[in-house]
Every structure is written in structure tokens, then in C-alpha cells.
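Start counting the sequence shown at 10; every next residue gets the next number (our numbering).
The structure under discussion appears below in the form of C-alpha cells.
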Amino acid sequence: MQHIFDNLYRRAERLITSDSKLATLLDDVFLKVGELTEEFYKIQDSVIALARMMRAWLAGDYKNISKRTIIAAVAALIYFVNPLDIIPDFIPIIGQLDDILVLGYLIKYLNKEIERFMAWEEERNKQQTSK
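Right, dumping it as C-alpha cells:
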């Protein structure tokens with residue numbers, strides 16, 4: 010199991026150096042979130058906020074995040090979009106369970122970062138609206 014996450018971490022380190030590959034991953038995340046079952050509803054908003062945070066970081070708009078956090082988030086999102094992870098996604102219900110567990114852990118781990126991003130995003134939207 011540790012080998013899998015070490016491999017994901019290395020893939021994430023490589024992926025964040027390519028804007029186009031990271032953008033493709035984020036597109037895949039948004040598509041998969043749209044296909045999710047009810048089990049994901051509890052973390053769906055946080056996953057979407059995390060993907061928005063990654064997009065803002067990728068665009069250079071949001072910089073209040075560590076490289077370590079970026080890599081951890083990208084590693085978890087790679088796992089999320091990979092249909093052939095520990096429990097393949099094509100297995101009904103339990104195929105998505107490991108995705109829920111990995112993302113749930115990530116959301117808990119990055120909760121403060123996500124909240125900080127959402128506050129930044131809200132402030133930025135207010136500033137753009139008032140212009």
C-alpha cells in the first residue's frame with residue numbers, strides 16, 4: 010500500500026511541472042465528480058474547491074500554498090481519477106469506496122488550506138464585482 014502512495018507522490022511531483030498535464034488532470038476530476046454517486050455528496054464540495062484551488066495555483070493567481078500541499082493534492086487527485094486503483098471503479102459501490110477514503114483523508118488533511126483558499130476566492134470575487 011505504501012508503495013502505491015509513494016508512486017503516486019512521485020507521479021504528482023512530475024505532473025506539477027507540466028501545466029497542460031495538470032490542467033488535463035483537473036478536467037478529469039471535474040468530469041468524475043459529475044458522475045459520482047450519493048456516497049460522495051458529503052465531500053463533493055470540498056473536492057470541487059480543491060480542484061478550483063489547484064486551477065488557481067496553476068494559473069498563478071493563488072500562491073498561498075506550499076509545494077508539499079500541491080503534490081499531496083495532485084497525488085490524491087491522480088488516485089481519484091484512476092479507474093484501476095486499489096479497488097477498480099467498475100466494481101459497483103466498493104469500487105468507489107477507496108476513492109472516498111483517499112479523498113476523505115485528503116480533505117481532512119487539507120481542510121485549513123481549502124478554507125483559506127475559499128476565503129481568498131470569496132474576497133477576490135467581491136473585489137472583481139465591485140470594480
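From the three backbone atoms N, C-alpha and C, an ideal C-beta is built for every residue, glycine too.
The structure presented is a predicted model; accordingly, all values stated were derived computationally and were not measured.
Own chain, CB closer than 7 Å to residue i, minus 5 neighbours either side, in chain order
i, result
"residue 82", "59, 63, 115 and 119"
"residue 113", "52"
C-alpha gap between residue i and residue j, whole angstroms
i, j, result
"residue 68", "residue 16", "26 Å"
"residue 30", "residue 138", "31 Å"
"residue 107", "residue 22", "22 Å"
"residue 80", "residue 14", "12 Å"
"residue 91", "residue 85", "10 Å"
"residue 136", "residue 40", "29 Å"
"residue 37", "residue 18", "18 Å"
"residue 100", "residue 111", "17 Å"
"residue 27", "residue 20", "11 Å"
"residue 130", "residue 76", "19 Å"
"residue 128", "residue 134", "10 Å"
Selected residue, minimal CA-CA separation from residue i, among the options
i, options, result
"residue 124", "85, 109 and 73", "73"
"residue 88", "29, 35 and 117", "35"
"residue 132", "37, 70 and 107", "70"
"residue 117", "19, 56 and 39", "56"
Own chain partners of residue i with C-beta closer than 6 Å, once the 5 adjacent residues on each side are dropped
i, result
"residue 78", "122"
"residue 65", "71"
"residue 126", "62"
Cβ neighbours of residue i in the same chain (closer than 8 Å, five flanking residues each side left out)
i, result
"residue 24", "30, 31, 34, 83 and 87"
heavy atom of the ligand GTP below 8 Å from residue i C-beta
i, result
"residue 55", "The model depicted lacks the ligand GTP and carries no ligand whatsoever."
(message) Just to confirm the assignment: which complete beta strand (DSSP E) runs, minimum length 3, are found wholly within the segment 26-93?
(response) none
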